[in-house]
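Protein chains in written order, with my numbering: chain D, 1 to 445; chain H, 1001 to 1445.
Glycine residues also receive a C-beta, built at the ideal position from the N, C-alpha and C atoms.
Protein chains: 2
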Amino acid sequence: MGDRKYWDERMETIGSEDLKALELEELRKQVKYVYERSPFYKEKFKKAGVSPEDIKSLEDLRRLPYTTKDELRETQEKYGGLGGHQCAETRDIIRIQGTSGTTGRPLFIGLTRNDVNLWNELFARHAWTGGLRPDDILINPANFTLFVGGLTECSGAEHMGITVIPAPFVSTGTEKFMMLITTFKPTVLFSTPSATVFLEDAARKILKMEPSELGFKKGFLAGEALSEEERTRIEKTWNITARNFYGLADVAADIAAECGESPGLHFCAQGALIPELIDPDTLEPMVIEDGAEGEIVFTTINREATPVIRYRVRDMVRVYTKPCPCGRTGFRFHVIGRSDDMIKVKGVNVFPSAVKGVIQSFVPKTTGEFRIVLPHPGPSFGENLTIKVEYSKEVNTEDLEDLATELKTAIKQQLVFTPIIEWVPEGTFERSQYKVEYFEKLYES
Amino acid sequence: MGDRKYWDERMETIGSEDLKALELEELRKQVKYVYERSPFYKEKFKKAGVSPEDIKSLEDLRRLPYTTKDELRETQEKYGGLGGHQCAETRDIIRIQGTSGTTGRPLFIGLTRNDVNLWNELFARHAWTGGLRPDDILINPANFTLFVGGLTECSGAEHMGITVIPAPFVSTGTEKFMMLITTFKPTVLFSTPSATVFLEDAARKILKMEPSELGFKKGFLAGEALSEEERTRIEKTWNITARNFYGLADVAADIAAECGESPGLHFCAQGALIPELIDPDTLEPMVIEDGAEGEIVFTTINREATPVIRYRVRDMVRVYTKPCPCGRTGFRFHVIGRSDDMIKVKGVNVFPSAVKGVIQSFVPKTTGEFRIVLPHPGPSFGENLTIKVEYSKEVNTEDLEDLATELKTAIKQQLVFTPIIEWVPEGTFERSQYKVEYFEKLYES
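Dropping the structure here:
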């Protein structure tokens, strides 16, 4: 089993015509299913003047309205429990999961036995793509509770045959977590890219060992995009092959993973999700073709408990469609930012996360803190963009003009637009433990 | 499905001859299996001068040596990982669990896919016996990590078709836990008997509601014996039917449950465990017959990862074998104490937990704290037993003689022996957050 190339060869190497036929058949079933069982979708579809019978081709998917996370939150408040898009009987639902809910009420997700089985398969497909194998040993530091990183990822990994050590940091404690590493020598480091730093410190502090000495072989890095700088650092620090994995609690816990042979995350959820690419401004569909950048939208097919139709997950992606030597036919993508945060400056897409990257590369001359000034509502700006940047105490004010020139050049080179830099002294901006608001909206003050 | 009487009618109503035949066949396989794969058992069996071929009848089980938890801990320290009784390849193990390890190093348990499947079945058998059904909704406040109450109980409940809401208190937090109760209206309260008190307080404090108003229907009370006083209180407080469930991480997470029709927990693990009853002093086998009291010993059959042979779990039980109206043929038992703590006073079995019960019924005249004085190593004592008891500040010393007479009478009535009471003032004994040592061993000081 360890020698086979794919977990599910048929689905991972399916040709586009076969995939389209499968998607159309399942889409028609799913649309009929949600229309009959969900008051939420019935109302939505009626409002949009479309009924299940109108779905005759895959293109007809575009006739259906988009669904947003806010709508799902609202329907859960209105109907209680899983909300008006719950399509299976509660007695047929075996697991409740949810989004983290750090920004407000969590969004709840239900899974029937078939949903669990399908998610288990998706875990195995994407984990196999990312290099995991049944003889691996995975220590899981994720918080259990509703978070899919806990129970659901354990369920998927066990399904694949991986040895799972459930050891949520919060309840296991750092000392015992490290003891489990030395006792069972796990091969898979399951973490967000940023949390690896915490694990590194713990290894050094408690075991007095370098992370690279612990015997890990593979990084299963999910929950955030993995930059190439982070990959290099993590691979060296832990002496592992670091791969990025992608999933979404409200769509499917496991959707895509890097195969290591070509850039981007391979889409692995054929037959479970129909992906679309759209322009987040116009909401017009885009072709999924090499180099395209757009917002990714998912429609579940074969989902029983809480299906989502044309669900805007707000991830902006860059797509790769050139054939991959690994033989998988799923397109690949990088997550380049959140569409909620994207603005257009003279036709160029700008993400605060990208701006942040450049400004932080100027630390310690800057503090890394900044605000993008929006003179009027976005997302499009025809004028130069002003960015307020905190210079640090150790900079002489007479050097600021030169520093601005350097920073503008770097932003131009990396982000293809030239901003106006307005310096502000260290400590000007409020520090937040949660989500930083990178925009200063002049029209709101 | 909701209407059937048993989860697994064949096994739950199996006749004794059929069961014996099944047990013998599986026992012979298991003994051969562990002998061939486990250096720990091979050595043990050789030392005892017995080999797998010697097991020709069920009675021959008695020729095998007992196994203790300390031995398993030692073999895990010696060999690392799961220890010298690991019989399956690590690559075939999909889950690591463990005992809580509050008193020292945790004991680790491995499960192969077949072990998980069997444990899932055992969960369903005992949960069905205890009144749970697939249309139930179970909120799980148990700590995840290695504790079987987390991942393993979720796995079993999902297998049965119950809706599982994983919500470990430690990571979910009290507020969110209560929000989940009002959102999903779980029907099953999964808790230890003692932790229900904490949940009661939380409901009153956070929801400003009485526990009885929350909509729970069934108590799934595990981890500790449930006294009749506790049952009555919990049933009234929560407006539920409270049943006690029994399992052991190192043997099988789910072994027995109360059916509600006869006293005691029905043994539900036919085909997975062979139970024995032994005299904890002489280690001689006892007949499992109505009214018998002894230490229960389990031998796994059909166990792949970490089998245990004649494993002394140290639970002293009282057995019931009269036919039960529910039709289940498994014998029933109550856990009456830990054999480690049992002593014999003039031929009468005495458990500190029972002594504690009587002394605590005299609070606030006593503080509830006490020590049993052992003049020489036990477990048998031919002389009167001295118990040092803390009287509380509010008692006049001149009343102590009368109080001692009352206490002696109560102990005589409830525990069938008459102690010597030696009063000590409040605060004499060290308070412990962990396990209290109720014995004062004169021969050790």
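Under the DSSP assignment, H1334 (chain H) falls in the beta strand (DSSP E) whose first and last residues are R1332 to R1338.
Listed in chain order, the non-local C-beta contacts of F198 (chain D) below 8 Å within the same chain number zero, local neighbours out to five positions each way being set aside.
Residue contact with chain H for V287 (chain D): absent (no Cβ-Cβ distance below 7 Å to any residue of chain H). Flagged as an interface residue toward chain D: I1093 (chain H), by a C-beta distance shorter than 7 Å.
The Cβ atoms of T172 (chain D) and T1145 (chain H) lie closer than 7 Å to each other.
When only Cα atoms are considered, K1236 (chain H) and E1213 (chain H) end up about 11 Å apart.
Judged by DSSP in its simplified three-state form, I206 (chain D) adopts helix. Interface annotation for the stretch 1144 to 1156 of chain H against chain D: F1144, T1145, L1146, F1147, G1150, L1151, C1154 and S1155, criterion Cβ-Cβ distance under 9 Å. Contact with chain D is absent for G1219 (chain H), since none of that chain's Cβ atoms lies less than 7 Å from the residue's Cβ.
With a threshold of 7 Å between beta carbons, T75 (chain D) makes no contact with chain H. For the stretch 1077 to 1092 of chain H, the beta-carbon criterion of a distance under 7 Å to any beta-carbon of chain D is satisfied by G1080, G1081, T1090 and R1091.
In the three-state reduction of the DSSP assignment, N114 (chain D) falls in the helix class, which pools H, G and I. Looking from the CA of N302 (chain D), the closest CA among D:K20, D:V34 and D:G15 belongs to D:V34.
Against chain H, the CB of F184 (chain D) has a partner CB under 7 Å away; the residue lies at that interface. Within the DSSP bridge table, the entry for D1402 (chain H) names no partner. The count of Cβ pairs closer than 8 Å, one atom from the stretch 116 to 131 of chain D and one from the stretch 241 to 257 of chain D, reaches three, so the stretches are in contact.
In the three-state scheme derived from DSSP, where H, G and I count as helix and E and B as strand, V1348 (chain H) is classed as strand. By the neighbour-count criterion, in which a residue is buried when 16 or more other Cβ atoms sit within 10 angstroms of its Cβ, D1340 (chain H) is exposed. The beta-carbon of E1158 (chain H) is placed less than 7 Å from the nearest beta-carbon of chain D. For A257 (chain D), the enclosing beta strand (DSSP E) stretches over residues A252 to A257.
K1356 (chain H) sits in a helix when the DSSP states are folded into three classes. Relative to the Cα of E1390 (chain H), the nearest Cα in the group H:K1365, H:K1042, H:V1313 and H:L1265 belongs to H:K1365. As the crow flies, the alpha-carbon of K1356 (chain H) is around 26 Å from that of L1277 (chain H). In the same chain as R231 (chain D), and ignoring 5 residues on each side of it, the C-beta atoms closer than 7 Å to its own belong to A242, in chain order. Along the stretch 1119 to 1138 of chain H, going in chain order, the ones with a CB nearer than 8 Å to a CB of chain D are P1134, D1135 and I1137.
Listed along chain D, the residues sitting closer than 9 Å to G1161 (chain H) by beta-carbon distance are R91, D92, I94 and R113.
Cβ contact annotation for E440 (chain D) (same chain, cutoff 6 Å, sequence separation greater than five): R371 and V373, in chain order.
The C-beta distance from C268 (chain D) to H159 (chain D) rounds to 15 Å, too long to meet the 8 Å contact threshold. Listed along the chain, the chain H residues whose CB falls inside 7 Å of the CB of I109 (chain D) amount to none; the nearest CB is some 11 Å away. Think of a sphere of 7 Å around the beta carbon of I1165 (chain H): the chain D residues whose beta carbon falls inside it are I96, in chain order. Residue-level contact by beta carbon fails for P307 (chain D) and chain H, as no gap is shorter than 7 Å. A distance below 7 Å between beta-carbons, with the five flanking residues on each side excluded, links V1116 (chain H) to the following residues of its chain, in chain order: I1094, R1095 and S1155.
The three-state reading of DSSP puts V1170 (chain H) in helix, counting H, G and I together. Between K346 (chain D) and G382 (chain D) a beta carbon distance of about 6 Å is seen, short of the 8 Å cut, so the two are scored as contacting.
Its Cα nearest to that of T418 (chain D), the residue D:A404 stands out among D:E430, D:V424 and D:A404. Under the Cβ distance rule, S1171 (chain H) counts among the residues neighbouring chain D, one pair being separated by less than 7 Å.
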